[in-house]
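The structure appears below as structure tokens.
Number of protein chains: 4
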Amino acid sequence: MIAADDNCPPLALRTRWHAARTHTLALAAPLSAEDAMLQSMPDTSPAKWHLAHTTWFLEHFVLGADAQPFDPGFARIFNSYYQSIGPRHARPQRGLLSRPSLARVLAYRAHVDDAVDALLDRDALTETRCQLLELALQHEQQHQELLLTDIKHAFSLHPQQPAYRDDLVVSPREVGDCKWRAQVGGDISIGAAAWPGSGCFAFDHESPRHRVWIEPFALAHRAVTGGEFLAFVREGGYRTASLWQSEGWDWIQAQGITRPLYWSEDESSEFTLGGPRAIDVHAPVVHVSWFEAEAFARWAGARLPTEAEWEQAASTLPVAGNFAEQDALHPRCAQRDDNGLAQMFGDVWEWTASAYQPYPGFRALSGALGEYNGKFMSGQLILRGGSCASPVSHLRASYRNFFKPTDRWQFSGIRLARDA
Amino acid sequence: MIAADDNCPPLALRTRWHAARTHTLALAAPLSAEDAMLQSMPDTSPAKWHLAHTTWFLEHFVLGADAQPFDPGFARIFNSYYQSIGPRHARPQRGLLSRPSLARVLAYRAHVDDAVDALLDRDALTETRCQLLELALQHEQQHQELLLTDIKHAFSLHPQQPAYRDDLVVSPREVGDCKWRAQVGGDISIGAAAWPGSGCFAFDHESPRHRVWIEPFALAHRAVTGGEFLAFVREGGYRTASLWQSEGWDWIQAQGITRPLYWSEDESSEFTLGGPRAIDVHAPVVHVSWFEAEAFARWAGARLPTEAEWEQAASTLPVAGNFAEQDALHPRCAQRDDNGLAQMFGDVWEWTASAYQPYPGFRALSGALGEYNGKFMSGQLILRGGSCASPVSHLRASYRNFFKPTDRWQFSGIRLARDA
Amino acid sequence: MIAADDNCPPLALRTRWHAARTHTLALAAPLSAEDAMLQSMPDTSPAKWHLAHTTWFLEHFVLGADAQPFDPGFARIFNSYYQSIGPRHARPQRGLLSRPSLARVLAYRAHVDDAVDALLDRDALTETRCQLLELALQHEQQHQELLLTDIKHAFSLHPQQPAYRDDLVVSPREVGDCKWRAQVGGDISIGAAAWPGSGCFAFDHESPRHRVWIEPFALAHRAVTGGEFLAFVREGGYRTASLWQSEGWDWIQAQGITRPLYWSEDESSEFTLGGPRAIDVHAPVVHVSWFEAEAFARWAGARLPTEAEWEQAASTLPVAGNFAEQDALHPRCAQRDDNGLAQMFGDVWEWTASAYQPYPGFRALSGALGEYNGKFMSGQLILRGGSCASPVSHLRASYRNFFKPTDRWQFSGIRLARDA
Amino acid sequence: MIAADDNCPPLALRTRWHAARTHTLALAAPLSAEDAMLQSMPDTSPAKWHLAHTTWFLEHFVLGADAQPFDPGFARIFNSYYQSIGPRHARPQRGLLSRPSLARVLAYRAHVDDAVDALLDRDALTETRCQLLELALQHEQQHQELLLTDIKHAFSLHPQQPAYRDDLVVSPREVGDCKWRAQVGGDISIGAAAWPGSGCFAFDHESPRHRVWIEPFALAHRAVTGGEFLAFVREGGYRTASLWQSEGWDWIQAQGITRPLYWSEDESSEFTLGGPRAIDVHAPVVHVSWFEAEAFARWAGARLPTEAEWEQAASTLPVAGNFAEQDALHPRCAQRDDNGLAQMFGDVWEWTASAYQPYPGFRALSGALGEYNGKFMSGQLILRGGSCASPVSHLRASYRNFFKPTDRWQFSGIRLARDA
């Protein structure tokens, strides 16, 4: 019943779904029950909550509202923001959920996974249910990345800055100067064909595919490095009002921000999922806000790309790079690649100049799922390309990620653009 | 030395500038020295400050930094936000400036106007200085509208809700149902030619003129009325989460917002510059935020137009309507106009779906004037068309106004759009 | 009908009341209508509001609720905090009252004064009404001091730091070392006999007179000087946590407080009602909070006196010193007085160690006047003695003033005590 | 080496200390490692932190700064507020301490207890060290009560309101009307003899014993009940401004407070350490702030007692009642006791009218221990008598507890007083 498609990942949905569920458990494995409770700011969630919320999503949308829930009290505490489904536990208080225990949440996962498998064994999945399973899988993958960024934030605030793992892959390398790659403009099309309908999964806000006029432009062949950003810091970038958006300038003044999120005060080391490490001047700078990215670009005499420019340049590239699967969980130096664009996928999410807004003709999914993306279209900016914490199978050239201009706890970095 | 242009207002710059300066004084005339000090929130400024700040702009940029200033202390208190020029008095404390007195500020205006006239008499205006005078004139006009919106806000908070004027023109009329007007799409161009250079004034952020692809669409033939918005209120629009952006929903909950800014609690009257009046269900609803405009559009099964759509539809229309010159200072009912678009200019600024972002190839003015617009390009939305408080000569189809999605004290209203 | 009393000021009530009303006008005379509108923080009020509120108090309580009010809208805006009388204009928005104008407020004062005089001419004052007139007079005097402290605060925030007056009396002098004066302890009585009843005015919270046991102690013969406080600043007083109450330490950290309120950053000058002046190291330090006073005392190896100790020491002294009548409006150096206590009255209010709490057997006045003092008995500390801005006739040894431990805009200073 | 005293608990220090340490473990036993991490507001601490902090206190002050610490990193995270000892982990972030685990904290406890026992076995305790051990024991007992009040607060916010224990003793009973018991006044003495020195432990702020004059008064024979407080609620107590301190009124308005902390919205049930239960109208009302206690007293035509009055009345009574040892962990109905005072100790802490201030001649302990109490003497009010969560051996008539007037999460209740 699940159709393969030439353009879409050929792997069967059930296999992919199993793999995703298993991978989430692997990500949580280094965490104690106590670690899994940490919520260090209202924007983040405990690992235990990610484990349970993705399971609730599966239970509610795939098994369905009619099925007997594992625990009737879970809907209230593991629904994230679906107002139409019922009251929810306050987001900033997710860290207060000592009950259910991690053990019980893992039992919840196993129970729901078994129930979905039973459904699949009975060949009972309608096309709609397949689509919901696909959506649940994609949703699971989003929370895999959030689980990593959220625990990183929590551990960074611990006085002893513990490592999430001490066996992460590190492969230092040198990187050459940044080069400009000319890109053609014109009457192009961006966005994905609407799903469901096309066979290939894409979130609602990636559609419809639509025409855009862009002028010729140039893109940097790789992401901005820690060393390049260090020069910005040392040459007074954070003290020069004319480089900043007015709102960004007020924000860095009020918060006393003088460097990327996890950099040490002396700009020599940074906190990583492997614990504190010396800043690698050859690797991409990471954990900068849009305000910092935009100010850096102005300082560098460049600008950020629009999302249409970015997607046009990425559309012919393979989705390859440094993802969660590479098990570095930190950005790495770009490969030397003298003729093309490096690091478009993986390593760091790249802030664009584009506000998060609906594409022309955008239609949200119907019902509760219509709350998935459509209601966050104010005050956020688009990021593209995926990071070292993203699963590779989750990404594509049309993928739109979005965060507020002050958000820094994602693996967010910078690629420069300029007019041709 | 001031060249006329076929496409541009032929009236001589000097005459227009005189008229603008005189008009500002007329706007301030109903205010006592005490009224002219009122600052009711950090976003607004006292009328006295507007009178002085526009004069400081003229003195600093037209007479020039070399000229002997009227008072060396004024730069600090009447500079608005030009970081590159020097330290400034904190914005939220403009209401604490009892000194200089209104009388002295009026003397300051007369002094600087005389000095500019003396320059013009000596035929000393270079082309650059002419441009600066044009910019000062346009800047004066912007502050004319702010003077009105700011004093309206201050008076609305006075327990006795005094009228700014009691002789304003009121001309009630009935308005028919709203009709859709189909608009063609395609490969269009929007924006103004860069000024200076083209002869026609436009702000830097209106340029460069550039190509945009738009799909066919339809626009409502007039603005949304008070009666239509009242139906939204009464049918629970402010209590239905699914109509709102997530950020907007949180905002109306936190602030307890249940109706447009100046409506009375029983939804029967509204505060105007002529004092409290019964809500005119036939006249455009006004003083709504972008969040309210966007939620209303969703409730109505429509959407807000993009700024490209709006400009394309407006580009062939005359700049005619209910402006400050009509001396109503409040939106009026649309004329019956069965075949075209009414109220595109004047009455109310129309919120668009577009975030305020730079046009492709945007270049800010150089020097301190580069701070005019370019540094406000985060977190704001575009409004188009002008209002009942805008001077007619200040407007054009390419004019971009911008405010935060929660701002409501401008004369902001709604025009609906939909896909074709 | 107004009885004189051997122990009480013999001057007739009517004469004293005339003098007080006239003195308030004299205090407001240096202020323009614009100055009289300034409200620089929620705790302060505009001078115009003080002028009108004291008049409303007189109209409401002396002429009575039955009399025709001058303007029925005034009750709402000029009632301060009497919840039982009706709704009130929000305190932090008193600065938005451009209407009524200062001219109209002065007419209001004249009108109500005339009406009270007409009552007095008709010999119509009952004993109750006499008491209310006495209370209104005392209330007027309280607002005279607040008018001065409030305008001082507002002018201090003006970028040009204007002087309230430029003709204030300045009489510098040197002061010798501080000496300890031993005081006897034992079973003493403090507080005033209840008024009305005794003939001598006192506020309700000064009564009843009651017995207190105190141990022998010593008082400093004069107030702490600017020079002594400067030593505390320079020797790191504001950087030594062990000197501070925990709440006070958190407060100075959060607010970045490193010196008395009106001292310049370089600790060389201070803002006064006569404009900026060099700090007089011989004159009392002024505008310190209770937290600062208490920390200074600990640093000096001493403590603050309790209010019982202070009153016992002051009870035999004449009410003499540097008051508003001396027209310095700033603390002056103590007279050399080798055997007694100097500056117990006038110059600076002296923070005591005592929380503001009811005396044993305290009874608030009945009706709305019961809200005068009784409801402020939480979170405030007692000050004693009066200041350079207090009218001399307003003070006595039993007088209790009270402010929050972070308040600094009153003329508050320090006198040290220690155990015997 | 540890001297017994006729007036002091004769049980040997070592036995008492063992019992206290063991009791803390028993209190933590019902909590999972996840429960033990909960911090629901900045004022509270996780149970794990209480377990570790009391151990750090023992290690630092009894074993001494010279001894090899169990873990050198613990000083930073388990020091509460001793500024003089070094930097500390921010209080509101104690809930982020997933590391060390509960298991490791329990190992820390065992290790330090063993080390102290080894010291005692070697007979190595000097008199000073004995005193420090006594202080550590008293400190341990304080945290036992906080552990209970803090976990109660955290569980109350959990959507499922879990019970801390489901086997708590409940013994309902009816209670008669409240009666007044006359108390004599005069020249009395309160406070404890200074420790160390007297043999009997008391905290520094209970000393010196000193003379106070009090007038004759009357005390209610028992605490205010839930039923009596319900009448206050139902008769509009929370809506009547004249009953409240001004600051308290503003606070209940701003926070929307309409009932005691753990009461359900319909005033039928309350959250207890045994989970939600019907409100017992015969048992003492509990979890009210000082503002609520003071307003209730005014509504009842009474007042709160001063701490001198309370201590005088309690000084001849045995320390008997409903304490932690009774294992109810909730206040119970008073025994019928027609001639005396019931519930003076145990059940609920009783708010007094007295601000927390130093007694005349107060001397803080020297060194870091001087930070124990002395620096909290601003903005807090005294409570007396102990609660159902206090260990009986921790209490005495001179015991002073103190909290902010808005604090409600302690077992705080009300006893009325009135003038004779």
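Residue numbers (the numbering used here), protein chains in the order written: chain G, 144 to 563; chain B, 144 to 563; chain L, 144 to 563; chain F, 144 to 563.
Where is the CB? At the ideal position from N, CA and C, for every residue including glycine.
Remember, it's a predicted structure, so these values are computed and weren't measured experimentally.
Identified DSSP bridge partners for residue i
{"i": "SER555 of chain L", "result": "L:TRP492"}
{"i": "ARG324 of chain F", "result": "F:LEU362"}
{"i": "GLY329 of chain L", "result": "L:ILE357"}
{"i": "LEU526 of chain F", "result": "F:TRP494 and F:ASN544"}
{"i": "GLU288 of chain G", "result": "Bridge partners of GLU288 of chain G: none, in fact."}
{"i": "ASP562 of chain G", "result": "G:PHE360"}
{"i": "PHE414 of chain B", "result": "B:PRO419"}
{"i": "ASN465 of chain G", "result": "G:GLY489"}
Buried versus exposed call for residue i [16 or more other C-beta atoms within 10 Å across all chains shown]
{"i": "ASN482 of chain G", "result": "exposed"}
{"i": "GLN326 of chain F", "result": "buried"}
{"i": "ARG543 of chain B", "result": "buried"}
{"i": "SER458 of chain F", "result": "exposed"}
{"i": "VAL318 of chain F", "result": "buried"}
{"i": "SER555 of chain B", "result": "buried"}
{"i": "ARG377 of chain G", "result": "exposed"}
Inter-residue spacing [alpha-carbon to alpha-carbon] between residue i and residue j
{"i": "ASP149 of chain L", "j": "ALA336 of chain L", "result": "Note on ASP149 of chain L: pLDDT 46, under 50, position unreliable in the model; the coordinate value appears next. Approximately 14 Å, taken between the alpha carbons."}
{"i": "ARG231 of chain B", "j": "ASP214 of chain B", "result": "15 Å"}
{"i": "PHE466 of chain F", "j": "ILE422 of chain F", "result": "20 Å"}
{"i": "ALA190 of chain B", "j": "ARG308 of chain B", "result": "15 Å"}
{"i": "PRO359 of chain L", "j": "ALA507 of chain F", "result": "20 Å"}
{"i": "GLY229 of chain G", "j": "ARG219 of chain G", "result": "7 Å"}
{"i": "GLU390 of chain B", "j": "GLY340 of chain G", "result": "31 Å"}
{"i": "GLN303 of chain F", "j": "GLN396 of chain G", "result": "42 Å"}
{"i": "LEU289 of chain F", "j": "HIS193 of chain F", "result": "8 Å"}
Within chain B, partners of residue i - CB distance below 7 Å
{"i": "VAL355 of chain G", "result": "TRP356"}
{"i": "ASP309 of chain L", "result": "Chain B residues near ASP309 of chain L: none, gap ~14 Å exceeds 7 Å."}
{"i": "ASN242 of chain L", "result": "According to the sequence as given, residue 242 of chain L is Arg; it is not Asn. Under the 7 Å cutoff, chain B gives HIS301, GLN303 and PRO305."}
Chain-ordered chain L contacts of residue i [CB-CB under 7 Å]
{"i": "ARG219 of chain B", "result": "PRO302"}
Neighbouring residues, chain L, relative to residue i (Cβ below 9 Å)
{"i": "PHE519 of chain F", "result": "GLN388, SER389 and GLU390"}
Beta-carbon neighbours of residue i, restricted to chain F and to distances below 8 Å
{"i": "PRO185 of chain G", "result": "None at all; the shortest Cβ gap to chain F is about 13 Å."}
Contacts that residue i makes with chain B (C-beta to C-beta distance below 9 Å)
{"i": "GLY216 of chain L", "result": "PRO302 and GLN303"}
Endpoints, beta strand (DSSP E) assigned at residue i
{"i": "ARG420 of chain F", "result": "418 to 421"}
Amino acids of chain G, ordered along the chain, whose beta-carbon sits closer than 7 Å to that of residue i
{"i": "GLN236 of chain F", "result": "LEU300"}
Residue i, enclosing alpha helix (DSSP H) - first and last residue
{"i": "THR167 of chain F", "result": "156 to 171"}
{"i": "GLU450 of chain G", "result": "450 to 457"}
{"i": "HIS196 of chain L", "result": "190 to 200"}
{"i": "TRP387 of chain G", "result": "Looking at the DSSP string, TRP387 of chain G is not in any alpha helix (DSSP H), and its letter there is neither H nor E."}
Where residue i meets chain F, residues with beta-carbon distance less than 7 Å
{"i": "HIS232 of chain G", "result": "PRO302"}
Contacts that residue i makes with chain G (C-beta to C-beta distance below 9 Å)
{"i": "GLN500 of chain B", "result": "THR449, ALA496, SER497 and ALA498"}
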